[in-house]
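Have a look at the structure below before the remarks.
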Amino acid sequence: MRDNDHRGGETPLDAVVRERGIDAPDAAGERGPPGDEAPAGDAAGSGPRVARVPADHDHDTFSVEGIDTDRREGLVEAVLRDVDGVSAASATRRNGTVGVHHDPSVSREALREVLAECGLVVAPGDEAFEARRAAQFASARVAVAVLFGLMVATPYIAVLYPTRVEWLFYDPVTVQYLQSILDSSMTTHFFVNLGALSGLAFLVACAPAIRRAVAAARDGRFTNEAAFVGGVAALYGYSTLVAFAGVEGAVHYDLVAYAVVVATLWTEFGVTDAATDPASSDDAAAEAPADVDADEPVAMTDGGR
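First residue of the sequence shown? That's 1 in the UniProt record's numbering, and the numbers climb one at a time after it.
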């Protein structure tokens, strides 16, 4: 069955449910508190679950690992509702969160201990917040890189590229007209917009890489990120000199934008986890103890990892 999570032995969550004498949720998805009588429609799973929460109750949200089936969602909710002072609980395996409404006398640490007893790995509140914020910033950097990259690429494709590869165009009149635009006073405003867009994309989308490159340079270390940041900054500076200082050459704000887009997408969807800063994760790994207690709760994933 899809939600069968018994893999050759009893899980910590099953043990807690058995010790507390909690009825496991049935196949229809009923997850009512023990002793409560649900309406017929709820028992059949035909309507949304509802709970009465006193106005003075607090609400806490936990970021957890180990809820990977619908059955475990129901078991976790049932265990939490069995705690004195808890009025409602909701577990969501899709985003790995558990929400609990409880009396103010029930501490967050007590609820965390209940989840730990179930074999779930509970992230500290500050770490969970930082992870969510880092993920949001990573998504924003991708959006900035892609949108600003398209805004830089469009003028290049429409105006600059035809004048640089004239042999691809059959109409010399069009090429001559585009060249006249670049030779006019509009060129300054044209390159101001391109420089601003590509520069902002570089500073916003590559902000973590820039910080790590600066830290590496300050420590006298040479890294791939330092080479990337230095190369893009040099290309941007050269293009700015060509555009506004009369230096002979071609303006390559397009290459700056393309490099930012590729680096951002590679960081987000390639080999690096964008939700964590490698600079900080390296420090955390160095501070982690070498030996881990064998009794430390682990996430209930396939293979018991």
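Note that beta-carbon positions come from the ideal geometry of N, C-alpha and C, so glycine has one too.
Same chain only: Cβ atoms within 7 Å of residue i, ignoring 5 sequence neighbours per side
{"i": "Thr187", "result": "none"}
{"i": "Val144", "result": "Ala201, Val204, Ala205"}
{"i": "Ala91", "result": "Ile67, Glu73, Val76, Glu77, Val98"}
{"i": "Val146", "result": "Val261"}
{"i": "Arg108", "result": "Asp60"}
{"i": "Leu255", "result": "Leu235"}
Segment limits, alpha helix (DSSP H) that includes residue i
{"i": "Asn62", "result": "Note on residue identity: the sequence assigns Phe, not Asn, to residue 62. Run containing Phe62: none in the alpha helix (DSSP H); it sits in the beta strand (DSSP E), 58-65."}
{"i": "Ser198", "result": "186-205"}
{"i": "Thr174", "result": "172-183"}
{"i": "Asp242", "result": "The displayed chain sequence assigns Val, not Asp, to residue 242. Looking at the DSSP string, the run of the alpha helix (DSSP H) that includes Val242 is 224-244."}
{"i": "Tyr156", "result": "Counting along the chain, Tyr156 falls outside any alpha helix (DSSP H), and DSSP gives it neither H nor E."}
{"i": "Glu117", "result": "108-117"}
{"i": "Asp14", "result": "12-20"}
{"i": "Ala259", "result": "253-269"}
Proximity below 8 Å, CB of residue i to CB of residue j
{"i": "Thr11", "j": "Thr61", "result": "no"}
{"i": "Leu178", "j": "Thr163", "result": "yes"}
{"i": "Ala201", "j": "Gly149", "result": "yes"}
{"i": "Val106", "j": "Val76", "result": "no"}
Classification of residue i by the beta-carbon crowding that lies within 10 angstroms, buried from 16 upward
{"i": "Glu248", "result": "exposed"}
{"i": "His252", "result": "buried"}
{"i": "Asp219", "result": "exposed"}
{"i": "Val261", "result": "buried"}
{"i": "Val53", "result": "exposed"}
{"i": "Glu225", "result": "buried"}
{"i": "Val192", "result": "exposed"}
{"i": "Gly21", "result": "exposed"}
{"i": "Gly270", "result": "exposed"}
{"i": "Ala138", "result": "buried"}
{"i": "residue 313", "result": "Look at the range of the chain in this structure, 1 to 305, and you will see that residue 313 is not part of it."}
Contacting residues, own chain, Cβ-Cβ under 6 Å from residue i (five flanking each side not counted)
{"i": "Ala234", "result": "none"}
{"i": "Gly112", "result": "A small fix is needed here, since residue 112 is Arg in this sequence, not Gly. Val122, listed in sequence order."}
{"i": "Ser239", "result": "Val251, His252, Tyr253"}
{"i": "Ala259", "result": "Val232"}
{"i": "His101", "result": "Val53, His57, His59, Ser87, Ala88"}
{"i": "Arg221", "result": "none"}
Own chain residues within Cβ distance below 8 Å of residue i, not counting five before or after
{"i": "Ala230", "result": "A small correction: the amino acid at residue 230 is Gly; Ala does not occupy that position in the sequence shown. Same-chain partners within the cutoff: Ala213."}
{"i": "residue 312", "result": "Here the chain comprises residues numbered 1 to 305, so residue 312 is not present and cannot be evaluated."}
{"i": "Val17", "result": "Ala24, Leu75, Ala78, Val79"}
{"i": "Pro104", "result": "Asp56, His57, Asp58"}
{"i": "Thr223", "result": "Arg212, Ala213, Ala216"}
{"i": "Ala207", "result": "Arg141"}
{"i": "Pro48", "result": "Residue placement at Pro48 is flagged as unreliable, the pLDDT there being 46, under the threshold of 50; the coordinate-derived value follows with that caveat. Result list for Pro48: empty, nothing under 8 Å."}
Residue i, enclosing beta strand (DSSP E) - first and last residue
{"i": "Gly99", "result": "97-102"}
{"i": "Ala123", "result": "121-123"}
{"i": "Pro91", "result": "In the sequence on display, residue 91 carries Ala and not Pro. Segment 86-92, the beta strand (DSSP E) holding Ala91."}
Cβ-heavy atom distance, residue i to the ligand PLP, below 7 Å
{"i": "Asp68", "result": "The model depicted lacks the ligand PLP and carries no ligand whatsoever."}
Any C-beta of chain B under 8 Å from that of residue i
{"i": "Ala138", "result": "In the structure shown, chain B does not exist; there is a single protein chain."}
Cβ separation of residue i and residue j, assumed to be a contact under 8 Å, to the nearest whole Å
{"i": "Ser198", "j": "Tyr236", "result": "7 Å"}
{"i": "Glu166", "j": "Val173", "result": "That belief does not hold up - the Cβ atoms of Glu166 and Val173 are roughly 12 Å apart, past 8 Å."}
{"i": "Ala257", "j": "Val152", "result": "4 Å"}
{"i": "Leu13", "j": "Glu65", "result": "Not really, about 13 Å apart at Cβ, beyond 8 Å."}
{"i": "Val114", "j": "Thr264", "result": "Contact doesn't hold; Cβ gap of about 41 Å is too wide."}
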